[in-house]
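Heads up: the sequence shown is residues 27 to 182, going by the working numbering.
Just so you know, even glycine gets a beta-carbon here, dropped at the ideal spot from N, CA and C.
As the structure is a computational prediction, the values presented were derived from the model and not from experiment.
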Amino acid sequence: MTNGPRASWLSLHCFLRSAPEDVDAFLTEDVAPLLDGLVGAGGATGWFFIRYDEGGHHLRLRVRGVTEARAASLPPVLGRLAARVPVAEAVRGGAAAGRAEHAEVRVVPYVPETGRYGGPGALPTAEEVFVLSSRMAVRAVRDTPRGSARLALGID
(Lines of atoms letter the chains of each structure in order from A; the text may use other names.)
(Lines give C-alpha, C1' and ligand atoms only; values in the text may rest on other atoms or scores of the structure.)
Protein backbone atom coordinates (compact mmCIF):
# COMPACT_ATOMS: atom_id res chain seq x y z
CA MET A 27 0.00 0.00 0.00
CA THR A 28 1.38 3.37 -0.98
CA ASN A 29 0.83 6.64 0.82
CA GLY A 30 1.04 8.76 -2.33
CA PRO A 31 -2.00 10.71 -3.52
CA ARG A 32 -4.54 8.94 -5.67
CA ALA A 33 -5.70 10.78 -8.79
CA SER A 34 -9.06 9.03 -8.74
CA TRP A 35 -12.09 9.39 -6.52
CA LEU A 36 -12.75 7.47 -3.32
CA SER A 37 -16.45 6.57 -3.24
CA LEU A 38 -18.20 6.09 0.10
CA HIS A 39 -21.86 5.38 0.86
CA CYS A 40 -22.79 6.57 4.36
CA PHE A 41 -26.17 5.15 5.41
CA LEU A 42 -28.38 7.05 7.84
CA ARG A 43 -31.79 5.93 9.08
CA SER A 44 -32.50 9.42 10.37
CA ALA A 45 -34.86 12.35 9.99
CA PRO A 46 -33.96 14.79 7.18
CA GLU A 47 -33.01 17.56 9.62
CA ASP A 48 -30.60 15.19 11.39
CA VAL A 49 -29.03 14.21 8.06
CA ASP A 50 -28.70 17.92 7.24
CA ALA A 51 -26.92 18.50 10.55
CA PHE A 52 -24.61 15.53 9.95
CA LEU A 53 -23.73 16.88 6.52
CA THR A 54 -23.12 20.47 7.64
CA GLU A 55 -21.59 19.86 11.08
CA ASP A 56 -19.61 16.65 10.55
CA VAL A 57 -19.06 15.65 6.93
CA ALA A 58 -18.33 19.06 5.41
CA PRO A 59 -15.89 20.19 8.14
CA LEU A 60 -14.11 16.82 8.04
CA LEU A 61 -13.68 16.78 4.27
CA ASP A 62 -13.04 20.53 3.93
CA GLY A 63 -10.34 20.15 6.57
CA LEU A 64 -8.83 17.26 4.66
CA VAL A 65 -8.74 19.36 1.48
CA GLY A 66 -7.35 22.38 3.36
CA ALA A 67 -4.54 20.26 4.80
CA GLY A 68 -3.63 18.89 1.37
CA GLY A 69 -4.96 15.41 2.15
CA ALA A 70 -7.48 15.52 -0.72
CA THR A 71 -8.15 17.76 -3.69
CA GLY A 72 -11.94 17.97 -3.58
CA TRP A 73 -15.16 16.25 -2.59
CA PHE A 74 -18.84 16.17 -3.41
CA PHE A 75 -21.98 14.46 -2.18
CA ILE A 76 -25.24 13.10 -3.51
CA ARG A 77 -28.29 12.17 -1.43
CA TYR A 78 -29.48 8.73 -2.48
CA ASP A 79 -32.04 6.10 -1.48
CA GLU A 80 -30.98 2.92 -3.30
CA GLY A 81 -30.32 0.31 -0.61
CA GLY A 82 -31.48 2.75 2.10
CA HIS A 83 -31.16 6.49 2.65
CA HIS A 84 -27.53 7.51 2.38
CA LEU A 85 -25.06 10.14 1.36
CA ARG A 86 -22.80 9.19 -1.50
CA LEU A 87 -19.50 10.89 -0.83
CA ARG A 88 -16.80 11.22 -3.46
CA VAL A 89 -13.36 12.35 -2.32
CA ARG A 90 -10.67 13.11 -4.90
CA GLY A 91 -6.95 12.70 -4.48
CA VAL A 92 -6.76 11.03 -1.06
CA THR A 93 -3.83 8.81 -0.16
CA GLU A 94 -4.53 5.12 0.30
CA ALA A 95 -3.80 5.46 4.02
CA ARG A 96 -6.33 8.28 4.35
CA ALA A 97 -8.82 6.37 2.18
CA ALA A 98 -8.62 3.48 4.64
CA SER A 99 -9.17 5.75 7.65
CA LEU A 100 -12.18 7.71 6.37
CA PRO A 101 -14.88 4.97 6.57
CA PRO A 102 -14.41 4.26 10.29
CA VAL A 103 -14.21 7.99 11.11
CA LEU A 104 -17.41 8.69 9.17
CA GLY A 105 -19.06 5.65 10.75
CA ARG A 106 -18.30 6.91 14.26
CA LEU A 107 -19.66 10.36 13.40
CA ALA A 108 -22.77 8.86 11.78
CA ALA A 109 -23.41 6.64 14.81
CA ARG A 110 -24.03 9.82 16.84
CA VAL A 111 -26.89 10.83 14.51
CA PRO A 112 -30.27 9.86 16.00
CA VAL A 113 -32.21 7.06 14.34
CA ALA A 114 -35.68 8.25 13.35
CA GLU A 115 -38.54 6.66 15.29
CA ALA A 116 -40.17 5.65 12.00
CA VAL A 117 -37.19 3.45 11.08
CA ARG A 118 -36.17 1.95 14.44
CA GLY A 119 -35.46 -1.77 14.48
CA GLY A 120 -33.36 -3.88 12.19
CA ALA A 121 -32.75 -2.97 8.59
CA ALA A 122 -34.93 -4.72 6.03
CA ALA A 123 -33.33 -7.41 3.91
CA GLY A 124 -30.83 -5.83 1.54
CA ARG A 125 -30.90 -2.49 3.38
CA ALA A 126 -27.89 -1.12 5.18
CA GLU A 127 -27.70 -0.55 8.91
CA HIS A 128 -27.69 2.94 10.40
CA ALA A 129 -24.19 4.48 10.33
CA GLU A 130 -22.87 1.81 7.96
CA VAL A 131 -20.20 3.18 5.63
CA ARG A 132 -19.39 1.21 2.50
CA VAL A 133 -16.47 1.73 0.14
CA VAL A 134 -17.80 1.17 -3.36
CA PRO A 135 -16.25 1.56 -6.80
CA TYR A 136 -16.76 4.98 -8.33
CA VAL A 137 -18.34 4.38 -11.72
CA PRO A 138 -19.16 7.80 -13.18
CA GLU A 139 -21.98 8.15 -15.66
CA THR A 140 -19.53 9.42 -18.26
CA GLY A 141 -21.98 9.54 -21.16
CA ARG A 142 -24.56 11.38 -19.11
CA TYR A 143 -22.09 14.18 -18.40
CA GLY A 144 -20.72 14.78 -21.87
CA GLY A 145 -18.21 11.98 -22.36
CA PRO A 146 -14.67 11.40 -21.11
CA GLY A 147 -13.43 14.86 -22.07
CA ALA A 148 -16.20 16.65 -20.20
CA LEU A 149 -16.29 14.46 -17.09
CA PRO A 150 -13.53 16.32 -15.15
CA THR A 151 -15.41 19.59 -15.68
CA ALA A 152 -18.68 17.99 -14.55
CA GLU A 153 -16.97 16.62 -11.44
CA GLU A 154 -15.61 20.08 -10.64
CA VAL A 155 -19.16 21.45 -10.96
CA PHE A 156 -20.26 18.73 -8.50
CA VAL A 157 -17.55 19.88 -6.06
CA LEU A 158 -18.61 23.52 -6.33
CA SER A 159 -22.33 22.78 -6.18
CA SER A 160 -21.83 20.60 -3.10
CA ARG A 161 -20.02 23.47 -1.40
CA MET A 162 -22.94 25.78 -2.27
CA ALA A 163 -25.53 23.22 -1.13
CA VAL A 164 -23.81 22.72 2.23
CA ARG A 165 -23.71 26.47 2.78
CA ALA A 166 -27.38 26.84 1.78
CA VAL A 167 -28.51 24.00 4.06
CA ARG A 168 -26.45 25.38 6.94
CA ASP A 169 -27.60 28.99 6.51
CA THR A 170 -31.24 28.54 5.50
CA PRO A 171 -33.84 27.38 8.02
CA ARG A 172 -36.10 24.51 7.08
CA GLY A 173 -39.58 25.21 5.79
CA SER A 174 -40.68 27.84 3.33
CA ALA A 175 -37.29 29.60 3.20
CA ARG A 176 -35.56 26.35 2.21
CA LEU A 177 -38.29 25.54 -0.30
CA ALA A 178 -37.96 29.00 -1.86
CA LEU A 179 -34.20 28.54 -2.13
CA GLY A 180 -34.72 25.27 -3.98
CA ILE A 181 -37.14 26.87 -6.41
CA ASP A 182 -35.19 30.08 -6.93
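In the three-state DSSP reduction, L42 falls in the coil class, being neither helix nor strand.
Taking G144 as the centre and dropping the five residues before and after it, the same chain places the C-beta of T151 and A152 closer than 8 Å to its C-beta, in chain order. Between the beta-carbon of S160 and that of F52 there is about 14 Å, and that puts the pair past the 8 Å contact cut. Using a Cβ-Cβ distance cut-off of 8 Å, the segment 123-139 and the segment 34-51 are in contact, since at least three pairs of beta carbons, one from each stretch, lie closer than that value. Membership of G72 in any alpha helix (DSSP H) is not indicated; the residue belongs instead to the beta strand (DSSP E) covering G72 to Y78. With respect to the 9 Å criterion, V92 and L60 are not classified as neighbours on the basis of their beta carbons. When only Cα atoms are considered, T140 and E154 end up about 14 Å apart. By alpha-carbon distance to T170, the top candidate from A108, A95, L85 and E47 is E47. Spanning the alpha carbons of M162 and E115 requires a straight line of approximately 30 Å. Nearest C-alpha to V167 among L42, V49 and P146: V49.
L104 is classed as buried because its beta carbon has at least 16 other beta carbons within 10 Å across all chains shown. As computed with DSSP, H84 is found in a beta bridge with F41 and Y78. The alpha carbon of R77 has as its nearest neighbour, out of L42, A108 and R110, the alpha carbon of L42. When DSSP states are grouped into helix, strand and coil, V131 belongs to the strand group.
Listed as beta-bridge partners of L36 by DSSP are V89. The criterion of a C-beta distance shorter than 9 Å is satisfied by A70 and R96. The Cβ atoms of D56 and A98 do not sit closer than 9 Å to each other.
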